[in-house]
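Quick note on the working numbering: the sequence shown kicks off at 147 and runs consecutively.
Idealized CB from N, CA, C, for every residue including glycine.
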Amino acid sequence: MIQCLQCGRSFDQKAMDQCVASISGIIMGDEYIESYYFCNQCQVYTMEIYHDRFLGDDEVSVRGPISKPEGDAKVELIRKCSEPWNKKCRCNVHQSYFDGGLD
């Protein structure tokens, strides 16, 4: 279960604390899925990063707290793609989000 990195509160899907945006891309053969969670209490984002390695063990990490303006900008960018879940998408949104580093 993901927790807010500022207050430590667990994000509960039953309480409508679900992921607000997620995007997937492939960099050097590895898949990255970055998912944003927004804490209504703290007004900050926590990002979960799932790294599916082509060779080696998968890894899950979290980053944050991410300020509301920075997180809002990332979420807005992700929402501009019609297929953010598509790791093979090479649209302008994916290229911009992953800084042009996609395979």
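Would DSSP call residue i helix, strand or coil?
i      : result
Ile212 : strand
Val221 : helix
Ser242 : helix
Gln159 : helix
Any beta carbon from chain D within less than 8 Å of residue i's own beta carbon?
i      : result
Pro211 : Considering every chain present, this structure includes no chain D. It has just one protein chain.
Kindly give me the distance between the Cβ atoms of residue i and residue j, rounded to whole angstroms, as I take these residues to be in contact under 8 Å.
i      : j      : result
Glu216 : Ile148 : Not a contact, Cβ separation roughly 18 Å.
Tyr182 : Ser170 : Contact flag wrong, Cβ pair sits at about 13 Å.
Where DSSP assigns a beta bridge to residue i, which residues make up the other side?
i      : result
Glu194 : Ser181 and Val208
Ile169 : Glu180
Gln149 : Ser156
- Task: Could you tell me whether the stretch 197-206 touches the stretch 216-228, where touching means 3 or more Cβ pairs closer than 8 Å?
- Result: no
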